[in-house]
Each structure stands twice: as C-alpha cells, then as structure tokens.
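Line by line, the protein sequences give chains F, L, X and E. Position 228 of the first sequence, counting from 1, maps to 228 under my numbering, and the rest follow consecutively. Position 247 of the second sequence, counting from 1, maps to 247 under my numbering, and the rest follow consecutively. Position 126 of the third sequence, counting from 1, maps to 126 under my numbering, and the rest follow consecutively. Position 130 of the fourth sequence, counting from 1, maps to 130 under my numbering, and the rest follow consecutively. The beta carbon of each residue, even a glycine, is placed where N, CA and C say it ideally should be. Remember, it's a predicted structure, so these values are computed and weren't measured experimentally.
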Amino acid sequence: MSWRHVGSRALVALGTLAFVLVFNFFLFRAVGDPKKDLIRSRLTPAAKEALLKERGLDRDKLTQFRIYLSQTLRGDLGTSFTSRKPVLDEVLGALPNTLMLVGVATLLSAFIGGWMGVIAASRRGSAWDTALTQGSLVFWSMPFFFIAIIFIWIFAVKLGAFPTGLKSTPGGPTSGFAYYRDVFEHALLPVTTLTISLLAQYTVVMRATVSDVMNEDYITTGRAIGLPARLVMRRHAVPNALLPFVTLFALNIGFVLSGAFVIESVFSWPGIGDLGIEAIGNKDYPVLQGTFLVASAAVIVANFATDLVYGLLDPRVRTA
Amino acid sequence: MSASAPDLPADVLLDVRDLAVAYRNGRGEEVRIVDGVSFQVRRGEAFGLAGESGCGKTTTALALLGLLPTSLYRPTGEILLNAADGLVSIHKRTERGMQQVRWAKVSMVFQGAMNALDPVMRVSNQIGEAIRLHEPGIDRRGVEERIAELFGYVGIAAARSRQYPHEFSGGMRQRVMIALALACKPELVIGDEPTTALDVMMQAQILQLLEDLRRDLGLSLILITHDLSVLAETCDRVAIMYAGEIAEIGTVRDLYAKPEHPYTQRLLAAFPAVGGPRQLAPAIGGVPPDPADQPTGCRFAPRCHRVQDICAAQAPALRALDDERAARCHFAPWPTGSTT
Amino acid sequence: MADREHDVSTTATTPLFEVRDLQVHFPIRRSGGQVARALDGVDLEWRRGEVLGIVGESGCGKSTLGRALLGLQATTSGEILVDGEPLEDADLRAVRRRVQMVFQDPYQSLNPRQTVGAQVLEPLAIHGIGARGADRIARGVAVLEAAGLRPAARFWDRYPHELSGGQRQRVVIAAAMALQPEALICDEPVSALDVSVRAQVLHVLMTLKRERGLSLIFITHDLGLAWALCDRIAVMYLGRMVETGTAEQVIGDPRHPYTKALLSVVPSPFPRDRVRREILAGELPDASRIPTGCRFHPRCPAAFDRCRSDDPRTLAAVAGADGHRAACWLVDG
Amino acid sequence: MAAEPAISAAGGTARALAATRRTLSLIWSSRRGRIGLSILVVFTLAALLSPVLAPEDPTRDFGSEILAPPSSDHLLGTDGNGADVLSGVLIGARVSMAVGFAAAIISGVIGAFVGVVSGYYGGWIDRTLTAIDDWFLVIPFLPFAIVVATALGRVADDWPGGRVTLLIIVIGMLSWAGTSRLVRSQVLSLKERQFVERAKALGASPGWIVRKHILPNVMPLVFANTVLIVSATILAESTLAFVGLGDPLRPSWGTMLEKANDSGAVATGAWWFFLPPGIGIVLVVLGFTLVGYAIEEIVNPRLRERRG
C-alpha cells in the first residue's frame, strides 16, 4: 500500500475530526445558549461565575471559538454539572468499558454473522438459508433496547441466571480471579445482546455479497479447474466478498456505537453511552458534548483503520 | 474401461451423441435450449462451433465440462472422452467425478478473460492452484518451473507471473488465461469466444498463438464463436448451430465453398469480405425463435428465403451428405450454383 | 439487391465537415499533468452525400472524433468547420438538428424507462418541431416505419427491454431520422448485433441514405464492412489519420504499412490467395505515451532510421492516384 | 394506421396509475412483499383509526390499578400509571409511524436532491457535497442525535407538534447520507450511459436531460430506498424516545418502552407492558423492510436483469 493512500485517508480522517469540532461548538453556541444551561445547572453561584469566566462565555463568539478550540485541543472538555469532575476524566474513565463492549461484540458479530452469511449463500434456497435469512430479518427489525429488555426479562428475571446491571457486584471482590469472573458474568448479557443485535446485518450483507460474487466469471473458472465447491467458496468467493464486507463494516462502526450507547444504558454498563444518556436527563451539557466528541473521534479512528485494512486486502488499491 | 463402453476409433478424442440441455419453465414443461447435438472431435484437430447468441453453443461447451448452471439439466446425451489413459464417460460422471476430468483432460479459455481471473489472487497462485489440485505430489520448485514454462509458451516474461490480473492488459490477460488453460496438460482445450473482446490485431495474435500451441503440444481445440470468418482461418471442421440444433456440419473447405443449409448460406454472405463484391448481402429476416416456442417443422423455416410447404410441416433431420458433411435441410444438397 | 450507389461522381463543392489539425487531450488522473492524446492532429474532409468510413482499432480515437464533430467532446486545439464555418461559432442545437448520431450499443442507447413512442417523439419535442399531439405522432409513426418497424402501432407502447437488439437499433435510427437530418454519424452501428441482424440494420441505413440523400460517416473496426459500404475510407492509428482515399485506393492498393498489416489479418470466410499474414507484435501504445518520430515505427515492419526521428506530419499524396494519401516516409509525395 | 387507438397522446396520470398498479401487483406477487404489505395495511389502519379504537386516552386516564395483568377490562393490562396498555399501543402507533414516515420523506428528498446535484454537476460542487455526505455517513448516529435533540430541545417545545417535529427533523437530517450516495452513484453511471449522450446529440439541454432521463431513472430507486429508510427512521425514533428524548405529551412506542423500563415492569415481569409496543415496532419495521426489498427487486436493474 502506498504512503500516498495512507496519507490521503489520514487527511480525510483529520478533516472529519475538524468538522466535528466546529460543529460541536456551533450547535451549542449558535443554537443553544450555554449561559442559560449553566444557570439551570446545580452548581453553586460561585462555581458558575468561575466557569463562565474560564470558558470565556462572556466574550464575543470568535474569542469563544478560539478559547473552545485551544481548551478542547488541550484535552480540557469542561466540568460536569452533576459530578463536578472534569469531563475528560469522566469520559476517559468510561471509554475502556465501552471499547471492551463494542470491540468484543463487533468482532464476534462480524465473524459469526459473516460466517452465517457464507453458509446461507453457499446453500441458497435451502432450509438453512431460509431460516438464517428470515431470522436475520426479524432480528434486524428489533431495536437494540428491545432485545436488551427481552434478554433481561428471560435470562435475569425469569431464569435468574445473570446479573443485569453494572460492571461488577458492588462490594464484591475488586481484584484477582474472582473479580474477573464477576466482570465476566456482568458483561455476558450486554455483550451477547449487542452481538445478537448486530449479527443479522452482517449475515444479510455477507449473503448478498457472496451471492453477487458467485455470479462472477472467476468463480466459473474456479469450478472449471476442478476445485470442489467448498474450496471455490473458501479460496475465491469469500476473499472477494470480504472487500465490500469490510466497506460496510466501516460504515457500520457508527451504528454499532449507537447500539452500544443504548445497551449500556439498559444494563447500567458504566461506559460513555451510559454516561451520555444519563446526562440527557440531568441536562449536563458539558458531559454530552464530551461524549459526542470522544465517540466521534473513536469512530473516525476506527474508520481510518478499516480503510487501511481494505487497502491491504485489495491488490488493486495496494499496487495502484 | 468397462465392457459396455462403445468403442471409439483411436483418432477420435471426443464423441458427443444426441446431447440435449433443458430447463423447466414456469408450467413445469421441459424447454430444450440444446437439442439432439452430436459431433466428434478428432485428436489434434481444431473444431469450430458457430452460431448466433442464444443458439446453444456456450451451453454445449459448459455441458462438456459438466459446468451447467443448476437450473439446467441434461435429458439425453452421451459425452465420451477418449483420453490417453482410458475412456471417460463424462455424461455419467458425478460432480466429484468431473472434478478430476476438468482441467486435467479438458480445459477452457473464457471470453475476454477480463473477469475470468480472480482479481485478488496473484496469477502464479491461480495457475499453481490448478497444478497442485491435479498433481498433489508436486513440490514448490516443480510448480514454479511449470509456470515459467507456461509463460514461455504464451510469450510473457515469467517474472510477471507474480503480478495480479489488473496489472495485465486485455490481450495479455487472455494470454495468461491460455497459460492457465494449459497448466495441467489437457488433451482438449475449449475456447469460448476467446478473441471476441479483442481488436483485429490482438485477435490475430491470439489465434496464431492457439494454432502454434495446438501444433506444438498436440492439443485438440474446440473454438466457439459467432464469427464464421475466425473459424475459416483456424479450424479443420465446423458445426453451425441454430436454435439449439446443429444446422450443418462439415470440413471448413467444403462447407464454406458450398454451404448447404440456407441459414449457413445467408450467414456466410453476411460477412462482407475485403476485396469481395462491394455490396451488402441480403439480410436474414426476423429473429431466432424463443426456445420455449419453437416452430413445428424446420426451426429456420420462418426466416428462410427458400422455404417450401414441407418445411413448416415437417422437421428435417440432420442428413449425412457424405462422410464429413451433414445438413438439416429437406432440400440439401442444393444444385451447384444455387447457394444464395 | 445492391444497396449502395456506385456513382461517386457527385463531388460537392464545400465539404459538409472539415477537420484541421484537431487535438483532443484528456488529463490523466494521478500523473502530474500528463495527458492522453486521444486525437493528435487529425485532418479530415467529409463531403456532402458521401459515405465516409473511419477505420481503426479501439483506442485509436475514432469514436472521440465522431463525438467531437457534434460538439459532444471538448477539443483542445484545431478546427472543425461545418459548411466552412467554425463549429464553435455555430449554434450547436442547429448543428445537432442537421447532423445526427447513431451509437454503438442499442442496449445502452435507449432510455429503459421510455416507450418507443416517447423516444421518437423526444427529438421533435426538443426542437419544437410540429404541433404537439397528432401531428408529431404522425411524424413519429412515419420514421418508425421508414426504419422498418411496421406497423408502428405494434411497437409504439413497448419498452426497450421488450425489443431485440436489431429492433432497438432501428428505434435509435428512427429517432435520429425524426429530425430529418442531412447527415448521420454512425459509431459502430452494428458491432453489438448478431450477425444475422446486422444486415437488416445496414439495409435500413443504406436505404435511408439513398432515398434521402444522407451523408454518412461509418465508424467501424470492420474493414470488410467499410469496403462494402463506404465511398472513401480514412484509416486511424493512435489519434491520427495514417491513410485516406477512396475505398478502392485504400483497400485495393494500401500504401501505409499499418493499413497493409490490418488488411492482412482481417479474417475472412473465403480464405483467398492473400499475402502472408502480417501480425504486428505488441499492443497499441498508450495514448499518453505516443512514440516519437512516426507513431507507428515501433511496430512497423518497414521502419528505417528516419521513422524513428521524423514525424510524417502530413499525409503524402500517392503519385498517380487522385486523393489517395498516406502518412509514411515510404510514400513518394 | 396512424390513427390506431394504440397510439395516443394521453400520458401522465393514466400511465402513472397503471405503473402504480403494476408495481403493487409485482410487490404482491412475492411472498415477502405480500407479508410486508399485509402488516403495513393492518398497522396503518390501526394507527389511523386509533382515536376510535382506543378504549381510553392513555395520557389522561390513570384510574385503574397499576401494572394490572390482562383482563376483560384491560385486554393488555395496565401500565405503571394504571393506564390502558392497548390504548397506549394504538395511539403510540400513530406517533411512531408518523415520525418514521415524515423523517423518511425528508431524508429521501434531501438525499435525492444532493445525490442528483452532486452526481450530475460534478466538479467542486460534487467534492463539497461528497465531503459533507461522508461526514454524515461516518458520524455515530445516536450520540449525534442526542446532542442535537438536547441542544434544540427547549427551542422545539414552542413548535407546532413539539418535540415530535424536532425528532422528525433530527432523524430526517441524519439519515439522508446513504440515499444521496446511492443516488449519486446511480446518476454518475446514468450520465455515462449512451442514451444520455444520445439525448445530447439530439440537442437536449442539461435541464431536459435531468428531467427526462436522469430523474425518471433515479426516482424508482429513491422510492425503494425511502421505503427501506422508513424502517430505519422508526427504529431511530423508538431509540431516541427510549433514551428520554420523546415528547411526553405525544407518547410513541419508544416512549412506552422507556416508561416500562423505568417503572420496573421488566424486573417485575409485567410482560404485557413492554411486549406489545416492542412487538409493534418489530412488525412495522419488518413490514417496511419486506416491502422495501420487494420494490428494490422490481426497480433495481442489477437485481432484475440478472438472468435466472
């Protein structure tokens, strides 16, 4: 892959990030009114005054933008109205939990979903195909939070098998094997929920892509040289289908994060989604902006990484 | 070789007998897109299969490799390959059985080759894959040597085998495809419109290459094309297909000198020859019939300029006119000098 | 049976189109200012009432030339004269009304969501010809039937996908003829059609030509077709004409080594006593890397020193053959 | 011959009606289309007739016992406020479907406009629009929607339709990027097609080409895509309502589920409270998805022209 390709993709990522920064400012300064937000918050009058000064809210818009930019770039995202802690600390504290949830669920769902799509496509019209496709459609039609509710109802309430909230048992073990076991038990339901919510799309997309690829001439060549169907699938159909799959995977990252937000909220999983949704009710604007910034940055970075992976997979990009 | 297998003369490599290929339409009726096709290909011979799009020539070729799409089936027909190591009854082979025949004995060059090579795989890996598949014991060194040899045949520097298909031009890609077709030393190579997407000069290069390879390697060749003039220069014998049937078959020399089927007559005249008369030949009216709705009687009758009453009523058989020649027309042979 | 008129004596005074040193360059992406010279100094004369064949391999620029004549392709430099007037000064709409185009692929050149009727009425509506309704319909019906789609009512409400390739190409011809043009530029009009249908479409074109006195350009890679249909032939190689003359001159007595090679490899159903096949090695060079000197010299079997350094810029006249010219140092000029 | 009845100048409406009828019958001819269309008809009727059908006003009548299981009084039991769940589901259908529809239409209009302009005119217009489009495609929907809806929340309380209008706008504005990308690529390929070139050769102006050749070939795809987008917008609405951004005065299915979750209906196993609105969402989304696929199969040339 040429450095030119890497460079151009990096430029796109940086541009998007810059746009997010500007947008974030304008949304809350131009449309919203941060002074009023501040006044309604639960901070003490003295703290409000100090904050007003610190954020430069008493200055003109251009100066405000300059201050906002320099503060944001230095990692100063303001102070939470609710907890009165720096937003950056709050968000960075929650981020690993979100990344763990999203990372595990995304990888699991992409692998399992993609694999199910390949199964469906290689047996088009069979009972397997029908079951997988119809099942996917139904799961696709479910909101994330509804799947979460159903899971809690069945596994936690009816069967009482798993804990339904938080990352670990309050007052439980804080280190060692017992701690990890506790976290694992708490994580199981949210991760499963997110994985299952995402599976369907990957199955549907993979099935469609593989079916498309199966119409290509080089598949006929594969069969013609005497490869058994399963090898044609593994060596020619799947590698080619991976290209559009990776593209969709990249476009999907934002959607996955959205799902994670809701699921964190339902399971009280202490990630940035839970933090953000909690902030809606508290009208905690600095936290909202902070989660939005960090979430966007995470998605942009993930997209950039996927772009690079795509370049590695496709020789037409790599050698161009 | 089983006792029941029919004996084939030693010089016949491929014998196709009464081949039909059909699908079921919406009402469950059998619709034949290839019907009663019989021909033989001799060792070392170039055999041409010509006709317009939809006449069944490509379907026939796919049937020879057992590569028909799942919607199609073969109601009748025997396909016998008189391979060097014994007779193969292709029509009796299962999918798994065919996997041993494909490429090792019969290989194919596809149209244009633009998409016939896997875009994300190095060319050397694609050719190597075919070689390893049919010679499991071969080592890396052996594969590399074979690839170098194959690239030598088709006139490309062996070093380029490490490249991807998109790095080759159209004509070069067709050469790579030919190298792939020769990878497992087949006895029969089928070229399905191998030069259709190419320009005249490139077409001449590729046809010359195929001719040289056939001579040097002792291959047999089936060339499928809609372009009768291409066959005239490369083939020994040709079959002209119309509406799923063979309309006429014979040696190139005889058939082109005196076509007996009115379709062949008009088709040959449709190619204005450089240096020939400066005028347009009369056109063949109408369009080929829908396979689901073939005319009773002669399938060409509705478009035929020499049609008689009997043609609409009775389907003509493919009648032998001499050892090499047969035509599916009630009136063949036509008196000399009446062929247009 | 013969559709063409052999009488070529109708030599017109001003040519319908005249092309002088025409250049069309395309920028190449990611190449730092490099250009592909699709047309690189084309000179051409298209006379009134004649069938002019433009022959060459794909990538030689023949389609670009056809499009440039109608202003469908921006030109880099050089002149196109219509009736002696520069094309850039002319009213393009008026030119396009007088000169129409028939495209290569009838599967691509009809709007899939328009009925046959709508397609033949469209040019009339664009130019506001005739009264809306019955009048235009009558004209549309007339051109459809002239293009051999009879009765027109049977085709009027059909969509392109319900028609065969030959029928589609006739719809294209009918729509072009609806404007009663004086000239047609046909870009490979039959190469996408099946052999048996080709003759049908060609007959329609030649009948129209005869009956309405059309001037025709035939862009084709098929030398046999050019021989059978064209009065004059221009052979193109890498963006430039290499040989022009009457069909008899160019095909019967080719002077440029490229023309000779092309003719030698044209497959024919009637293998004649031909000269040895002259298969040129290699491929058509990239239009962004046109060889210095004579552009044909790297593949030319007759190339000598001068060809490597000097570009035979102008077509040299062949002695004793009126109008026969070739861009080759071997032609005595 | 010219006077044959088959040839008439009659155009527009009759042909459009015939096309609609043909499309509907084509949708109906596939099993998926039939199921989807049936679901949609049932739910649309229920939503339209809900003021008549609903036994109570779920925003006012809180008289009964809290979280009562289904009985003859309350066919689907009562919610955390003691209101009738069946009435809630029927009224909620109106809000959910209205938001879904309206947002999808906004998204379709913006997407088609941006796609056509960017694809047809190219150049710097295209580069600018594509950059904006890319941004909307990449940005995580929910955090973005939450931020926008919160920032505008107070402003929207004074609008007609209140926060429902806000939801419609936010969702509509955030979901056009995919459509415009699809339309753009379609326009780009149409622009290169020979029939557009031919129209130019006939003397057609750019405006004529867009009206007569580009739009008619793009609109069916936009239509199919918009139907598919409805399922996405309904899901988006339910999610935003679930996280507390719905309009308390105009409860949707998402709002109901939020209440169910907050009132501990899940923990107490009061399935009649959370299953009905959830199943409502799933069925309607499924319906739009199935119909959307059926239409896509009809209008997408790539899918249609594939040989069987």
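Note to self: Closer than 8 angstroms is the cut-off here; do at least three beta carbon pairs connect the segment 186-206 of chain E with the segment 241-253 of chain E?
What the structure shows: Output reads no: the segment 241-253 of chain E does not touch the segment 186-206 of chain E.
Notebook entry, point to check: At least one CB of chain X closer than 9 angstroms to the CB of residue 256(L): is that the case?
Noted result: Closer than 9 angstroms to some Cβ of chain X, the Cβ of residue 256(L) qualifies, so yes.
Checklist line | Alpha carbon of residue 256(E) to alpha carbon of residue 60(F), nearest angstrom | finding: So the two alpha carbons sit approximately 43 angstroms from each other.
Next item on the list: Using beta-carbon positions only, say whether residue 222(L) and residue 188(L) come within less than 9 angstroms of one another.
Entry: Yes, these two residues count as a Cβ contact at 9 angstroms.
Note to self: Which residues in chain E have a C-beta closer than 9 angstroms to the C-beta of residue 158(F)? List them in chain order.
What the structure shows: Result: 269.
Check: With 9 angstroms set as the bound, which would you pick, yes or no: does the beta-carbon of residue 201(E) sit closer than that to a beta-carbon of chain X?
Finding: Yes - at least one Cβ of chain X is within 9 angstroms of the one on residue 201(E).
Notebook entry, point to check: What's the gap between the Cα of residue 1(X) and the Cα of residue 210(X)?
Noted result: Any reading at residue 1(X) needs caution, since the residue's pLDDT is 39, under 50, leaving its predicted position unreliable; the model's value is listed next. Approximately 13 angstroms, taken between the alpha carbons.
Notebook entry, point to check: When the Cα atoms are used, what is the spatial distance from residue 211(E) to residue 50(E)?
Noted result: Using only the alpha carbons, I get a separation of about 41 angstroms.
Notebook entry, point to check: From the beta carbon of residue 191(E), is the nearest beta carbon of chain X less than 9 angstroms away?
Noted result: Taking Cβ atoms only, chain X never reaches closer than 9 angstroms to residue 191(E), which makes this a no.
Checklist line | Interface residues of chain F facing residue 343(L) [CB-CB closer than 7 angstroms] | finding: Examination of residue 343(L) is not possible in this model, given that chain L is present from 1 through 340 alone.
Item checked: Cα-Cα separation between residue 133(E) and residue 118(E), rounded to whole angstroms -> Between residue 133(E) and residue 118(E), the alpha-carbon positions lie close to 10 angstroms from each other.
Next item on the list: Taking residue 217(E) as the query, report the chain X residues whose CB atoms sit under 9 angstroms from its CB, ordered along the chain.
Entry: For residue 217(E), the residues of chain X that pass the 9 angstroms Cβ criterion are 111, 112, 113, in the order they occur in the chain.
Checklist line | Interface residues of chain A facing residue 223(E) [CB-CB closer than 8 angstroms] | finding: Structure shown: chain A not included; protein chains present are F, L, X and E.
Checklist line | Residues of the segment 186-210 of chain X with Cβ closer than 8 angstroms to any Cβ of chain L, in chain order | finding: Within the segment 186-210 of chain X, contact with chain L at the beta-carbon level (separation under 8 angstroms) is assigned to 194, 195, 196, 197, 198, 199, 200, 202, 203, 206.
Margin query: Using a Cβ-Cβ cutoff of 7 angstroms, what residues of the segment 289-312 of chain L are near chain X? List them in chain order.
Written below: Listed in sequence order: no entries.
Notebook entry, point to check: Would you call the CB atoms of residue 249(L) and residue 326(L) closer than 9 angstroms?
Noted result: Yes, the pair counts as a contact, with Cβ atoms nearer than the cut-off.
Notebook entry, point to check: What is the DSSP secondary structure of residue 244(F), reduced to helix, strand or coil?
Noted result: Note: residue 244(F) maps to helix in three-state DSSP.
Notebook entry, point to check: Alpha carbon to alpha carbon, how far is residue 183(F) from residue 74(E)?
Noted result: For residue 183(F) and residue 74(E), the distance between alpha carbons rounds to 42 angstroms.
Item checked: The beta strand (DSSP E) enclosing residue 89(L), as first and last residue numbers -> That run of the beta strand (DSSP E) goes 86-89.
Margin query: In the DSSP assignment, the beta strand (DSSP E) including residue 243(X) goes from what residue to what residue?
Written below: Its beta strand (DSSP E) spans residues 240-246.
Next item on the list: Examine chain L for any beta-carbon lying closer than 9 angstroms to the beta-carbon of residue 99(X), and answer yes or no.
Entry: Taking Cβ atoms only, chain L never reaches closer than 9 angstroms to residue 99(X), which makes this a no.
Check: Should residue 194(L) be flagged as near chain X, meaning a C-beta pair shorter than 9 angstroms?
Finding: Cβ-Cβ to chain X under 9 angstroms: no for residue 194(L).
Margin query: Please report the distance separating the alpha-carbon of residue 180(X) from that of residue 97(X).
Written below: Going from the Cα of residue 180(X) to the Cα of residue 97(X) covers about 8 angstroms.
Check: Should residue 197(F) and residue 259(F) be called a contact, given that it needs their Cβ atoms to be closer than 9 angstroms?
Finding: Yes, the Cβ-Cβ distance between residue 197(F) and residue 259(F) is below 9 angstroms.
Check: In chain order, what residues of the same chain lie with their CB nearer than 6 angstroms to the CB of residue 187(X), ignoring the 5 residues before and after it?
Finding: The beta carbon of residue 187(X) is closer than 6 angstroms to those of 63, 66, 103, 104, 219 in its chain, skipping five residues each way along the sequence.
Note to self: Could you tell me the alpha carbon to alpha carbon distance between residue 169(X) and residue 125(F), rounded to whole angstroms?
What the structure shows: Cα-Cα distance, rounded: 39 angstroms.
Notebook entry, point to check: If you draw a straight line from the C-alpha of residue 191(L) to the C-alpha of residue 185(X), how long is it?
Noted result: The alpha-carbon atoms of residue 191(L) and residue 185(X) are separated by roughly 35 angstroms.
Note to self: According to DSSP, is residue 301(L) part of a helix, a strand, or is it coil?
What the structure shows: Helix.
Check: For residue 219(L) versus residue 175(L), is the C-beta distance shorter than 9 angstroms?
Finding: No, Cβ-Cβ distance for residue 219(L) and residue 175(L) is not below 9 angstroms.
Next item on the list: With 9 angstroms as the threshold, decide whether the Cβ of residue 104(E) is near any Cβ in chain F.
Entry: So no, residue 104(E) is outside the interface.
Margin query: From the DSSP secondary-structure annotation, give me the bridge partner or partners of residue 22(X).
Written below: In DSSP, residue 22(X) forms a bridge with 42(X).
Note to self: Please return the same chain residues whose Cβ sits closer than 6 angstroms to the Cβ of residue 15(L), not counting the five positions on each side in sequence.
What the structure shows: Annotation for residue 15(L): 8, 40, 80 place their beta carbon closer than 6 angstroms to its own, counting only its chain and skipping 5 residues before and after.
Note to self: What does the alpha-carbon distance come out to for the pair residue 233(F) and residue 116(L)?
What the structure shows: Taking the straight line from one Cα to the other gives about 15 angstroms.
Next item on the list: Determine, using beta carbons only, whether residue 323(X) comes closer than 9 angstroms to chain L.
Entry: Output row for residue 323(X): interface = no.
Notebook entry, point to check: Checking contacts by CB at 9 angstroms: is residue 265(X) closer than that to chain L?
Noted result: Chain L contact via Cβ: present.
Check: Alpha carbon to alpha carbon, how far is residue 3(F) from residue 11(F)?
Finding: Their backbone Cα atoms lie some 12 angstroms apart in a straight line.
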